[in-house]
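Asks: The structure under discussion is supplied below as structure tokens; questions concerning it will follow.
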Amino acid sequence: MKFVSALKSKDVDGKGLWYYFKRDRDLYLLLLIPIFFVVLFKIVPMFGAVVAFKDYKIAKGFWDSDWVGFQVFLDIFAKRDFGRAVRNTVMLNTLDLLLSFTAPIVLSLLLNEIRSVRMKRINQTLLYLPHFLSWVIIGAIAYQLLGLGNGVINNLVESFGGTRIPFLQSDNHWLLSYLLIGVWQSMGWGTIIYLASISSINPELYEAAIVDGAGRLRKMWNVTLPGIRVTIVTLLIMNLGKVMGGSFERIYALANKATTEYTTTIEVLVYRWGIEAGHFSRATALGLFQAVIGLGLVLLADYIAKKLGEDGLL
7 MKFVSALKSK
17 DVDGKGLWYY
27 FKRDRDLYLL
37 LLIPIFFVVL
47 FKIVPMFGAV
57 VAFKDYKIAK
67 GFWDSDWVGF
77 QVFLDIFAKR
87 DFGRAVRNTV
97 MLNTLDLLLS
107 FTAPIVLSLL
117 LNEIRSVRMK
127 RINQTLLYLP
137 HFLSWVIIGA
147 IAYQLLGLGN
157 GVINNLVESF
167 GGTRIPFLQS
177 DNHWLLSYLL
187 IGVWQSMGWG
197 TIIYLASISS
207 INPELYEAAI
217 VDGAGRLRKM
227 WNVTLPGIRV
237 TIVTLLIMNL
247 GKVMGGSFER
257 IYALANKATT
267 EYTTTIEVLV
277 YRWGIEAGHF
287 SRATALGLFQ
297 AVIGLGLVLL
307 ADYIAKKLGE
317 DGLL
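In structure tokens, the structure reads:
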């Protein structure tokens, strides 16, 4: 009854919510399809998180395994690999956030300054291409280009009298290569939202800035960046939730036996404990820990954004 009353309640324009349901019923029916897939693939699997609080045995099944409370969490917190994985995950994702989040903003500002529409489309298409490559292919390309033995770049360096550089065979070099490859793969695709946001800026603001004598850099700073500030804050909040996440495929495609210092992350531990070792309770507990911390970071960032006068997400 409360739901029906809410539907019949009048809006500020005097029309109830039910009026909009009847008017746009076709659109709401279309909305049911993505809602169904979100519930099926995102909400329903969350019930499997109870495995993190059980001594899960395949023979006993999902519900008949013994409850152990938080013992699984205490076990994984005591493991040496856990601290190392948390350190590497936070470090890699924080550095990745600094580089891969700012690069699309700078790139979209530069693309916006290209006056030729054809040249802009060509550049955008070329920049989008790396996003469609899987990390397996990107890893193979990286080893062909940056490999120590037969890498194209190292062959060029040696042909000019230089010393071969262990781009992917030394821990510190691997870390830098990992970050730059990530920027290359994601920055073009990341410009789509910013360019769409830039296109919504009122052209009269640019004309007023030109009348005031502003050059291109001044227009970027005083018109374009404030115009996309809300988009930047929204995407930053969403990306902060990924600081405890990361890409398992990216790590596995670029990792090798010579570089082990930074390649143990939470995603990798979930794979090792869950798939390789069969400790499903540990893997689930690790994933749940990761999700809870990520949610906390998003809520904290949203709270700070609202305190600073931004709209936030929630």
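The sequence shown lines up with residues 7 to 320 when you count with our numbering. Don't be surprised by glycine CBs; every beta carbon is placed ideally from N, CA and C.
1. Residue 284 lies in the alpha helix (DSSP H); which residues open and close that run?
2. In terms of residues, what are the limits of the alpha helix (DSSP H) holding residue 97?
3. Starting from residue 313, follow its DSSP beta bridges and name the residues at the other end.
4. Could you give the residue range of the alpha helix (DSSP H) that holds residue 196?
5. What does a CB cutoff of less than 7 Å around residue 92 pick up in its chain, not counting 5 residues either side in sequence?
6. Between residue 142 and residue 259, is the Cβ-Cβ spacing less than 7 Å?
7. Between residue 285 and the rest of its own chain, which residues show a CB-CB distance below 7 Å, the 5 nearest in sequence each way excluded?
8. Buried or exposed for residue 204, going by 16 or more other Cβ atoms inside 10 Å?
9. If you measure from the beta carbon of residue 296 to each beta carbon in chain B, is any gap under 7 Å?
10. Taking the straight line between their C-alpha atoms, what separation do you get for residue 134 and residue 105?
11. Please classify residue 69: is it buried, with 16 or more other beta-carbons within 10 angstroms of its beta-carbon, or exposed?
12. Note down the Cα distance separating residue 264 from residue 173, rounded to an integer number of angstroms.
13. Among 306, 208, 171 and 166, whose alpha-carbon lies nearest the alpha-carbon of residue 155?
14. Considering only residues of the same chain and omitting the five flanking positions on each side of residue 21, which have a CB-CB separation below 7 Å?
15. Let me confirm a value: residue 313 is counted as buried when at least 16 other C-beta atoms fall within 10 Å, else exposed. Which label applies?
16. Pull up the distance between the alpha-carbon of residue 45 and that of residue 283, whole angstroms please.
17. How far does the alpha helix (DSSP H) with residue 237 in it reach, from first residue to last?
18. In this structure, what does DSSP give as the bridge partners for residue 266?
19. With a threshold of 16 other CB atoms inside 10 Å of the CB of residue 53, please say whether the residue is buried or exposed.
20. Assuming contact is defined by CB atoms lying nearer than 7 Å, are residue 250 and residue 300 in contact in what I supplied?
21. Which residue comes first and which comes last in the alpha helix (DSSP H) that contains residue 58?
22. Is the separation between the beta-carbon of residue 94 and that of residue 270 shorter than 7 Å?
23. I'd like to know if the segment 95 to 114 and the segment 187 to 202 are in contact, where contact means that at least 3 CB-CB pairs between them fall below 8 Å.
24. According to DSSP, what are the bridge partners of residue 73?
25. How is the alpha helix (DSSP H) around residue 142 delimited, first residue to last?
26. Please report the residue range of the alpha helix (DSSP H) in which residue 230 lies.
27. Counting only the same chain and skipping the five closest in sequence on each side, list residues whose C-beta sits under 7 Å from that of residue 8.
28. Any idea what DSSP makes of residue 174, helix, strand or coil?
29. Please report the distance separating the alpha-carbon of residue 221 from that of residue 214.
30. With distances taken from CA atoms, which of 96, 185 and 60 is nearest residue 80?
31. Do you know how far the Cα of residue 147 is from the Cα of residue 191?
Replies: Once the coordinates are examined:
1. It is not in any alpha helix (DSSP H) - residue 284 carries neither H nor E in the DSSP assignment.
2. Per DSSP, residue 97 is one residue of the alpha helix (DSSP H) stretching across 86 to 118.
3. None; residue 313 has no bridge partner.
4. 177 to 205
5. 272
6. yes
7. 279
8. buried
9. In the structure shown, chain B does not exist; there is a single protein chain.
10. 17 Å
11. With fewer than 16 other Cβ atoms from the protein chains shown falling within 10 Å of its own Cβ, residue 69 counts as exposed.
12. 11 Å
13. 171
14. none
15. exposed
16. 30 Å
17. 235 to 246
18. Residue 266 is not bridged to any residue.
19. exposed
20. yes
21. Unbroken run through residue 58: none, as it is neither H nor E.
22. yes
23. The segment 95 to 114 is in contact with the segment 187 to 202.
24. 60
25. 141 to 152
26. From DSSP, residue 230 is part of no alpha helix (DSSP H); its letter is neither H nor E.
27. In this predicted model, residue 8 has a pLDDT of only 48, less than 50, meaning its place in the structure is not dependable enough to derive any value.
28. coil
29. Rounded to whole angstroms, the separation of the alpha carbons of residue 214 and residue 221 is 12 Å.
30. 60
31. 12 Å
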